[in-house]
Ligand code: ADP
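Numbering (my numbering), first residue to last: 4 to 894.
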């Protein structure tokens with residue numbers, strides 16, 4: 004048997020079962036005629052029973068067929084008029100047939116219900132995006148979904164598969180603008196007869212809607228449809244069987260009727276409670292939460308409508324739907340009964356399927372509305388709790404659009420000092436202080452009146468006049484047109500925090516001004532100490548160089564110079580340390596070539612090592628191709644410190660090994676000496692300031708802060724420092740620095756070189772102009788120049804004078820002090836460079852501003868070179884020769 008024939012047969016069979024109760028009514032009427040002795044009635048009864056035997060057999064309702072055959076047989080044996088015994092036999096046969104018919108009807112109902120329980124929804128949609136959305140919505144809601152993008156594939160699927168619980172159908176397809184309606188119209192004739200079809204289309208026009216409904220649509224929805232709305236429609240349409248059975252209370256004073264109807268409902272998987280006494284109903288309902296009452300109309304103690312009226316008065320039960328079941332055929336009386344509190348009227352004898360459908364419909368609606376009410380109650384409860392939490396935590400008020408207070412919570416009253424009655428109806432301005440400027444509130448009003456949330460800190464005034472601060476959020480409530488109709492303000496008391504913030508601000512300002520004072524002090528200290536040291540070191544150096552002075556006096560002068568140098572390094576170290584502590588030591592961390600740093604530091608320590616008879620060795624990589632992320636000058640300072648220590652604290656004829664090892668993203672630079680080593684018990688003190696671990700009693704010079712500075716510098720550049728030491732063997736101090744990211748590799752050395760520009764003026768008699776206000780420095784310079792007879796030293800006591808003299812003399816070189824009275828050295832340089840006539844004269848800065856950054860600043864401002872005071876005379880002379888020579892050469 005093919006599928007189409009099968010489904011046609013199924014439909015016919017279902018049609019036959021649906022009509023069975025009608026046939027039974029006919030048989031019952033014939034039976035009555037037979038009992039009343041109506042002539043020919045028995046033959047009619049026989050024919051009717053016989054016909055039923057055949058058709059029931061055709062539709063494979065074998066039990067019904069058998070029961071009908073029983074009745075047919077009895078009828079065929081009897082003769083009119085029938086006696087009581089015969090009548091009883093006929094009654095029994097009829098009752099058997101009726102019960103078989105009822106069972107078949109119930110089986111049909113439950114089969115139809117089961118079809119919906121499986122809840123398969125077929126979706127016919129050719130727009131892929133919409134189809135995907137529908138699939139996800141339906142699957143999430145627990146449906147099984149069959150998706151069809153073409154009408155033909157849907158048609159084919161429908162013939163093969165079981166009937167779905169519902170069909171969701173688009174209207175417009177390539178076949179035509181009403182192709183969806185057309186296919187449904189065809190299929191409603193056969194397979195889709197009992198299946199709800201929900202149209203979902205972009206078409207909003209009447210023609211489309213009409214076409215859909217004519218085709219047999221259950222509902223017509225226009226796109227876009229909301230998820231919830233769609234699910235509700237499907238659930239309603241598909242009449243899904245509930246997870247928990249509906250609870251029905253059946254009340255009928257006729258025991259047999261009660262039993263029959265209850266049985267019908269139970270067969271449809273409902274939970275049924277039976278009662279023969281309407282007066283008991285209130286008691287029963289206390290323990291049995293019925294979702295529907297099936298009431299007989301006419302009961303002697305209390306009629307159905309009377310009971311309905313009583314229940315209607317009781318709040319607990321007023322919503323329970325009531326379905327009357329009665330032989331009442333008078334429509335006006337039926338309506339009257341419904342008017343008194345019923346929902347539906349069914350006439351006896353009732354078709355079981357009809358009864359189950361009606362009961363399902365009303366019970367489902369009742370359950371849905373109860374669920375909605377429950378959801379509303381839960382929502383209200385949650386809202387109340389939110390409100391409570393808000394009130395417990397925050398200061399809350401609600402105002403209208405003009406700022407008139409409509410609601411304040413207890414916290415608002417408590418903090419403002421006003422009673423609720425004093426606030427309600429008043430304007431919010433009642434707590435306004437004069438702390439904020441008008442624009443502050445203008446901006447706030449602008450935001451909230453345009454529907455935006457505003458947040459900020461507000462200082463308010465209490466009733467007694469004191470101020471309090473609140474962190475405030477104002478949220479506008481908008482009406483349908485998007486305009487605010489009220490504002491809710493939620494505030495937190497931050498008066499205490501504001502106090503702390505104020506105190507912090509004051510102490511921060513104090514700390515900043517102290518730090519500024521410290522920096523200024525350091526800068527001036529540096530300058531003040533270096534100026535006299537310049538003279539001490541300069542003159543002692545001149546003494547040691549002067550061959551006319553006796554040897555022992557020169558030795559003394561060397562001592563002065565050595566002590567001066569020590570004092571200078573002590574001052575430098577202390578200033579460095581102080582600046583590090585104050586966070587003032589600037590770093591310019593950038594990719595730096597390890598090779599240039601190693602070379603630079605090595606050359607600085609070489610002569611010192613040679614003096615002490617220590618060999619400096621490089622092991623392994625020399626830093627070639629290694630670029631680290633560091634401040635060039637500071638890294639060199641670090642290595643010089645470590646190398647110097649390694650030389651200082653070495654054994655005679657010892658060695659110092661420098662090695663570079665690459666690690667993961669970093670390089671380790673190790674300085675290993677062959678010195679006496681550091682006892683383990685002293686290891687913890689090595690990085691303490693001014694702690695020389697007992698060396699202060701020895702001959703080795705030092706200040707005890709070199710390693711502290713070294714450690715701070717390394718860490719400030721993102722590196723780490725450490726050491727290992729074995730007494731008698733020596734120590735290794737190491738530094739690990741992060742490698743620079745590739746591609747950013749350029750050396751600071753190159754930049755340094757680039758800065759030095761030579762623009763020495765040509766002169767027949769090279770003149771060097773020295774701009775300096777300090778007479779002691781002038782005298783020192785004159786002494787130095789006394790040994791350079793080929794040069795002429797000219798002087799200027801101020802920048803202004805220096806400019807004038809530069810114009811007159813056109814010197815080969817200008818030596819410029821920076822800290823000058825009036826115009827400073829920078830400004831003077833700027834003017835010199837701006838003047839066509841003096842632009843090319845090299846200007847060397849000679850300054851006691853020897854802090855980190857000063858040299859860079861000088862060079863980047865356009866100075867050709869930089870010499871720190873106290874002057875290193877031999878270095879200075881070399882520089883001098885270089886400028887004069889290069890100037891002459893160019894000439
Ligand atoms: P300074 O060398 O000026 O005394 P440092 O801070 O550089 O100060 O070093 C602190 C102390 O650590 C030194 O006095 C010395 O006792 C010890 N020290 C430093 N480097 C070494 C080394 N390579 N070998 C042995 N002891 C060292």
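Every residue, glycine too, gets a C-beta built ideally from N, C-alpha and C. This one's a predicted model, so the numbers in the text were calculated from it and none came from an experiment.
Just curious, the alpha helix (DSSP H) that residue i is in, first and last residue?
{"i": "residue 3", "result": "A query on residue 3 cannot be resolved here, the shown segment of the chain reaching from 4 to 894 and no further."}
{"i": "residue 218", "result": "209-218"}
{"i": "residue 363", "result": "355-396"}
{"i": "residue 277", "result": "Run containing residue 277: none in the alpha helix (DSSP H); it sits in the beta strand (DSSP E), 274-278."}
{"i": "residue 829", "result": "828-837"}
Taking only heavy atoms of the ligand ADP into account, decide whether any of them is closer than 7 Å to the Cβ of residue i.
{"i": "residue 696", "result": "yes"}
{"i": "residue 644", "result": "yes"}
{"i": "residue 676", "result": "yes"}
{"i": "residue 596", "result": "no"}
{"i": "residue 711", "result": "yes"}
{"i": "residue 736", "result": "yes"}
{"i": "residue 651", "result": "yes"}
{"i": "residue 705", "result": "yes"}
{"i": "residue 463", "result": "no"}
{"i": "residue 648", "result": "yes"}
{"i": "residue 887", "result": "no"}
{"i": "residue 672", "result": "no"}
Starting from residue i, follow the beta strand (DSSP E) in both directions and report where the run begins and ends.
{"i": "residue 799", "result": "795-799"}
{"i": "residue 727", "result": "723-729"}
{"i": "residue 850", "result": "846-850"}
{"i": "residue 329", "result": "325-329"}
{"i": "residue 254", "result": "250-254"}
{"i": "residue 350", "result": "347-350"}
Under a three-way DSSP split, which group does residue i fall into?
{"i": "residue 744", "result": "coil"}
{"i": "residue 430", "result": "strand"}
{"i": "residue 17", "result": "helix"}
{"i": "residue 118", "result": "Residue placement at residue 118 is poorly supported in this model, since its pLDDT is 46, which falls under 50; the coordinates are not used for a value here."}
{"i": "residue 594", "result": "strand"}
{"i": "residue 633", "result": "strand"}
{"i": "residue 753", "result": "Model confidence at residue 753 stands at a pLDDT of 33, short of 50, so the residue's coordinates are unreliable; what they give is reported in the following sentence. Looking at residue 753 - three-state DSSP - the assignment turns out to be helix."}
{"i": "residue 451", "result": "helix"}
{"i": "residue 193", "result": "coil"}
{"i": "residue 764", "result": "Confidence is the limiting factor: at residue 764 the pLDDT is only 32, short of 50, which leaves the residue's position unreliable and the question unanswerable from this model."}
{"i": "residue 284", "result": "helix"}
{"i": "residue 304", "result": "coil"}
{"i": "residue 543", "result": "helix"}
{"i": "residue 571", "result": "helix"}
{"i": "residue 733", "result": "strand"}
{"i": "residue 791", "result": "coil"}
{"i": "residue 618", "result": "strand"}
{"i": "residue 738", "result": "strand"}
{"i": "residue 758", "result": "Legend: pLDDT at residue 758 = 27, less than 50; position of this residue unreliable, value from coordinates given subsequently. Of the three classes helix, strand and coil, the one that applies to residue 758 here is helix, per DSSP."}
Identify the residues that DSSP records as bridge partners of residue i: which are they?
{"i": "residue 463", "result": "435 and 471"}
{"i": "residue 125", "result": "149 and 170"}
{"i": "residue 653", "result": "DSSP, once it has assigned bridges, lists no residue as partnering residue 653."}
{"i": "residue 774", "result": "799 and 819"}
{"i": "residue 936", "result": "The requested residue 936 is not part of the displayed model; the chain covers only 4 to 894."}
{"i": "residue 225", "result": "204"}
{"i": "residue 476", "result": "458 and 493"}
{"i": "residue 176", "result": "179"}
{"i": "residue 401", "result": "410 and 491"}
For residue i versus residue j, is the C-beta distance shorter than 8 Å?
{"i": "residue 641", "j": "residue 679", "result": "no"}
{"i": "residue 533", "j": "residue 851", "result": "yes"}
{"i": "residue 837", "j": "residue 866", "result": "no"}
{"i": "residue 808", "j": "residue 739", "result": "no"}
{"i": "residue 840", "j": "residue 810", "result": "yes"}
{"i": "residue 282", "j": "residue 304", "result": "yes"}
{"i": "residue 674", "j": "residue 617", "result": "no"}
{"i": "residue 323", "j": "residue 296", "result": "yes"}
{"i": "residue 493", "j": "residue 426", "result": "no"}
{"i": "residue 774", "j": "residue 796", "result": "no"}
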